[in-house]
Amino acid sequence: MCVLVSLVSRADDGFPRTVVDALGREVTLTHPPKRIVAIFASNVEMLAAIGAGDAIVGVEAFTRYPADIAERAKVGGRLGFSVEAIARLQTDLVVMTPARQAATLVEPLQRIGIPALVLNHRDLEAVLANIRLLGQATGHELGAEQLIEHMQARLDAVQARLAGQPAVPVYLETGSNDRGHYLTLRGHNYTSDILRLAGGTNPFVDSRLSQVGGESVFQANPTRIIVTGSPQQAVSLAVRPGWQSIPAVAAGRVDSIPSALLLIPGPRVVEGVEQLAALLHPELFPSLASRTRAVMLPSGTRQTVLAR
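Following the numbering used here, the numbering of the sequence shown begins with -11 at its first residue and continues without gaps.
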C-alpha cells in the first residue's frame, strides 16, 4: 500500500503569502504556484501526496516516482542544474533541498524573480514540517494536514504495538564498495528515526563517519542486518568472507528493504517504519509480516520479498 494518495485541496485566497524556508529565508508567493520545478525525489513525492502533483512541470534526471511525474521535463541531475532550463518552463516556484549543486540555484533564481523554497530533512519531525510548509506554499493546506494526520496515525499504531519491547540491535547497510568499506547510519537523522520507531537500535549512532569497515561490523555483533536495496544485495552481504561469524548472518537474519522506503525523506517513510517493524518483530505485526516473505537460501540468509 502506498501513502501517496491524492488528497486534493486548493485555496486561491490567502495569496500573496510569505513562508519561511529551512535557510530562514522569507519566500513570498503572489499566487498559488501553477508551474513548479521539484528537485530531489522527496520533494516530488511530498508535492504529489498533498495534491500538487499536477503543477509539477520539471524534475531532476533521477526522479523515479510517481512514474507519470518522472517523465516530465528535466532541469539537471548529478552534474548540476540549469537555471535556463528552469526559466524556460515558466516556473513560478522551485522546491529544492540544500544538497549537491542545488544549493547554488538560490541566488540565480532570486535574481530572475523565481521563488525558491529550500527544505531540510534532518529527522522525521522535519519531514512532517516540510509537508505542512509545502501545503502553505502551494495552497494545499488541507491536503497537507490530512497527509500528516494519516502518517502520524500509522506511526502511532506501530508505537502502540512495540510498547514495552526491547530494542533489537540492527546493522543497517545503505551501500558498499569493492574496497571493504560499507555505508551505514550515523548520528540522528530521519533514517535513524525510522529504525528507532521500528523497534531497532543502531550500534553506530555515535560514530563520526557513515563509512565503516568489516571489523567494525564484527565488533558491533548485530543480531539483525538490514540492507537497503534488492534481495540479491542481502544475499551478497551474507556470503562475504568471514561474515558468517556475525550472529545475524549465522542465524539467517539478513533481510533487504527497498531503498526508497528508508532513504527518501517523504511520505513513504511511514511504510518504511511499518515494513522494518514487521521484519524485526513479525509476531507483533502479522498482517504486515504476511506481506514480507522470507525465503531461506542455501547460504543461510533470507531473501525478503515485499509483496504488493
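Glycine included, every Cβ here is placed at the ideal spot set by N, Cα and C.
> What three-state label does DSSP hand Ser329 in the structure shown?
Replying inline: Residue coverage of the chain in this structure runs from -11 to 296, which leaves residue 329 outside it and unanswerable.
> With 16 as the cutoff for other CB atoms within 10 Å, does Gln263 come out buried or exposed?
Replying inline: Here residue 263 refers to the residue found at position 275 when the sequence shown is read from its first residue. Here Gln263 is buried: its Cβ has 16 or more other Cβ atoms, across all protein chains shown, within 10 Å.
>> Using 8 angstroms as the threshold, is the C-beta distance between Gly188 and Val215 below it?
In response: Residue numbering aside, residue 188 sits at position 200 when the sequence shown is read from its first letter. Residue numbering aside, residue 215 sits at position 227 when the sequence shown is read from its first letter. No, they are not a contact pair.
> For Ala26, which residues from the same chain have a beta carbon less than 7 angstroms from its beta carbon, with the 5 sequence-adjacent residues on both sides left out?
Replying inline: To locate residue 26, count along the sequence shown from 1; it is residue 38. Closer than 7 angstroms at Cβ, skipping near neighbours: Val32, Leu35, Ile44, Val47 and Val83.
> Within 10 angstroms of its Cβ, does Phe3 collect 16 or more other Cβ (buried), or is it exposed?
Replying inline: Within the sequence shown, numbered from 1, the residue matching residue 3 stands at position 15. By the 10 Å Cβ count, Phe3 comes out exposed.
>> Judging by CA-CA distance, which residue of Asp42, Gln153, Val158 and Leu97 is the nearest neighbour of Phe69?
In response: Numbered from 1 along the sequence shown, position 81 holds the residue referred to as residue 69. Nearest C-alpha to Phe69: Leu97.
> Which residue from Ala248, Ala61, Gly202 and Gly163 puts its Cα closest to that of Thr79?
Replying inline: Translated into the one-based positions of the sequence shown, residue 79 becomes position 91. When only C-alpha atoms are compared, the closest one is Ala61.
> Name the DSSP beta bridge partners of Ser14, please?
Replying inline: Numbered from 1 along the sequence shown, position 26 holds the residue referred to as residue 14. With the sequence shown as reference, residue 14 is identified as Glu, and Ser is not the correct amino acid for it. Paired residues: Val8.
> Sorry if obvious, but does the Cβ on Gln78 come closer than 7 angstroms to a heavy atom of the ligand COA?
Replying inline: As for the ligand COA, it is missing from this structure, which has no ligand bound.
> Comparing the C-beta of Asn209 with each C-beta of chain C, is any distance below 8 angstroms?
Replying inline: The structure shown contains no chain C, having only a single protein chain.
>> Determine whether the beta carbon atoms of Thr173 and Gln199 lie at a separation below 8 angstroms.
In response: Here residue 173 refers to the residue found at position 185 of the sequence shown. Here residue 199 refers to the residue found at position 211 of the sequence shown. One detail in the question is off: residue 173 reads as Leu in this sequence, not Thr. No, the Cβ-Cβ distance between Leu173 and Gln199 is not below 8 angstroms.
>> Please classify Ala295 as buried or exposed, where buried requires at least 16 neighbouring CB atoms within 10 angstroms.
In response: Indexing the sequence shown from 1 puts residue 295 at position 307. Model confidence at Ala295 stands at a pLDDT of 45, short of 50, so the residue's coordinates are unreliable and nothing is read from them.
> What is the rounded straight-line gap between the Cα of Asn118 and the Cα of Ser233?
Replying inline: Locating residue 118 in the sequence shown gives position 130, where the first residue counts as 1. Locating residue 233 in the sequence shown gives position 245, where the first residue counts as 1. When rounded, the distance between both Cα atoms is 43 angstroms.
> Quick one: is His269 buried, meaning 16 or more other Cβ sit within 10 Å of its Cβ, or exposed?
Replying inline: Stepping through the sequence shown from its first residue, residue 269 is reached at position 281. Buried, by the Cβ-count rule.
>> Along the chain, where does the alpha helix (DSSP H) containing Ala355 start, and where does it finish?
In response: Given that the chain is displayed from residue -11 to residue 296, the structure contains no residue 355 and the question cannot be resolved.
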